[in-house]
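Note sheet for the following structure.
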Amino acid sequence: MTLLLKTRTDVDDLTTGCTFFGTGGGGSKQLGLDMLYPHVDAGKTIEIVDVGKVKSNDWVACAYYSGTIAPPTPEIEALRTRFPWDFFEKELAVGLASLEEYMGIKFAAVAPFELGGVNTPAPIDAAVKHGIPCVDGDYSGRAVPEICQNTVCVKGYSMAPMALVDWYGNKSIVQHVINYEMGERLSKALSEVAWGRLGNVAFPVKGKDFHEAILPNTLTKSYNVGKIIRECRESGDDPANKIVEKVGGWVLFRGEVIGRTWENREGYMWGETEIKGSGIKPGKKFKVWFKNENHMTWLDGKPWVMSPDIIEIIDAKIGEPITNTDIKKGDNVSVIGMKGESIFRSLEGLKVLGPRHFGFDLDYKPIEALV
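With the numbering used here applied, the sequence shown covers 1346 to 1716.
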């Protein structure tokens, strides 16, 4: 079934839900809205098509941004604004055309790399600008910090050839990478060269392989979560309770943010958020560790819910998802946990998205066994 976005409200609902599944990362919701609003304001209907419409011989591209989500320092802002951003929000559409030209093919559709406030609207925007549809599915089921943490990598599909474009208009075609780590390093290095983000069009796959890797209906799921949050804001219902009631999961914790530390390192935002319990949920203190996205938690000092399961912090009253870029001391929040995608709970999936991958000497325990 095709998901149709006709109004700003439709765009808001989808982008809010994608920010929720961004698990603290995935980019700014406002940037995502700014990408999609012009299309519906111009009277266009944005079509998010069922993955079943992709045929076995079709080519599908994955379009996404890479780079840190850390806010720029005044020094970096001064450096990166010396040149005109002529390709800002055009990077992915230009990348699609560049990769088509290099490969001598035409893409039938675009697939999002992940769910997030920017990294889902961005491929939708690129698809509209390029004149092809975006599919109702993605390769991660959430936002993730590293290239290897998606289904196309778990399945072993090639990342290259890929087109890399920054907001100034510098364009590169990478013909081959020896592994995902080096592909990631090349992309991150160029994002740092541009003092910000980089548009990536990569993982070109034929329809047969696409169907092996895609996680279907994740954009519809995100849209539904966004709609729940909006309706709770209108009705005054508790958004955390409504989300877990209608979508599944658990309210892990409620309280006030009392601490937040972070650093910008290796092209990622690393840090911790501390929350003091309100007494509504068990526990006095809850700590979340993030690398762009939320990946580890501790309840009163003991390790608790962890990636690949979903850990999302929302505003306790209005349900707005809060990214790790924006969260601050004094925020009253609810923390929601959900099961991660089954492929990332497999042996191969845990190698790239389990706690040991992030340097913690812990075995993964499913959220349903902990809560």
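The beta carbon of each residue, even a glycine, is placed where N, CA and C say it ideally should be. Computed from a predicted model, the values in this text were never measured in an experiment.
Cβ-Cβ separation, residue 1455 to residue 1421 (assumed contact under 8 Å), whole Å: The Cβ separation is near 30 Å, so there is no contact.
Reference residue 1486; option with closest CA among 1608, 1473, 1696 and 1363: 1363
Reduced DSSP secondary structure (H/G/I, E/B, other) of residue 1470: helix
Spatial distance of residue 1587 from residue 1573 (CA atoms): 7 Å
Contact set for residue 1370: own chain, Cβ-Cβ below 7 Å, skip 5 residues either direction: 1414, 1461, 1488, 1490, 1637, 1638, 1668 and 1669
Contact under 9 Å by Cβ, residue 1432 with residue 1545: no
Extent of the continuous alpha helix (DSSP H) run through residue 1419: 1419-1425
Minimum length 4: unbroken alpha helix (DSSP H) runs contained in the region 1556-1621: 1563-1580 and 1584-1592
Residue 1597 to residue 1682 span [Cα, whole Å]: 6 Å
Residue 1528 to residue 1679 span [Cα, whole Å]: 36 Å
Candidates 1464, 1387 and 1677, of which the one nearest residue 1482 by Cα: 1464
Cα-Cα separation, residue 1354 to residue 1563: 19 Å
At least 3 beta-carbon pairs within less than 8 Å: the region 1699-1708 vs the region 1617-1633: no
Residue 1427 versus residue 1580 - alpha carbon distance: 47 Å
Closest by C-alpha distance to residue 1419, when choosing among 1540, 1672, 1366 and 1603: 1540
Residue 1672 to residue 1401 span [Cα, whole Å]: 43 Å
Selection from 1632, 1654 and 1467 that minimises the alpha carbon distance to residue 1689: 1654
Which of helix, strand or coil DSSP assigns to residue 1696: helix
Three or more C-beta pairs below 8 Å linking the region 1508-1528 and the region 1429-1448: yes
Residue(s) in a DSSP beta bridge with residue 1432: In DSSP, residue 1432 forms no bridge with anything.
Continuous beta strand (DSSP E) stretch holding residue 1507: start and end: 1507-1511
For residue 1544: DSSP bridge partner residues: 1410 and 1510
Alpha-carbon spacing of residue 1676 relative to residue 1604, whole angstroms: 10 Å
Whole-angstrom distance between residue 1451 and residue 1516, CA atom to CA atom: 19 Å
Own chain, CB closer than 8 Å to residue 1357, minus 5 neighbours either side, in chain order: 1378, 1571 and 1575
Cutoff 8 Å; reference residue 1716; Cβ partners in own chain excluding five residues on either side: 1595, 1597, 1650 and 1682
Paired residues, beta bridge with residue 1639 - DSSP: 1635
Cβ distance (whole Å) where residue 1612 is taken to contact residue 1412 below 8 Å: 6 Å
Backbone CA spacing between residue 1569 and residue 1609 [nearest angstrom]: 33 Å
Element boundaries [beta strand (DSSP E), containing residue 1324]: Outside the shown range of the chain (1346 to 1716) lies residue 1324, about which nothing can therefore be said.
Local conformation of residue 1712 per DSSP, three classes: helix
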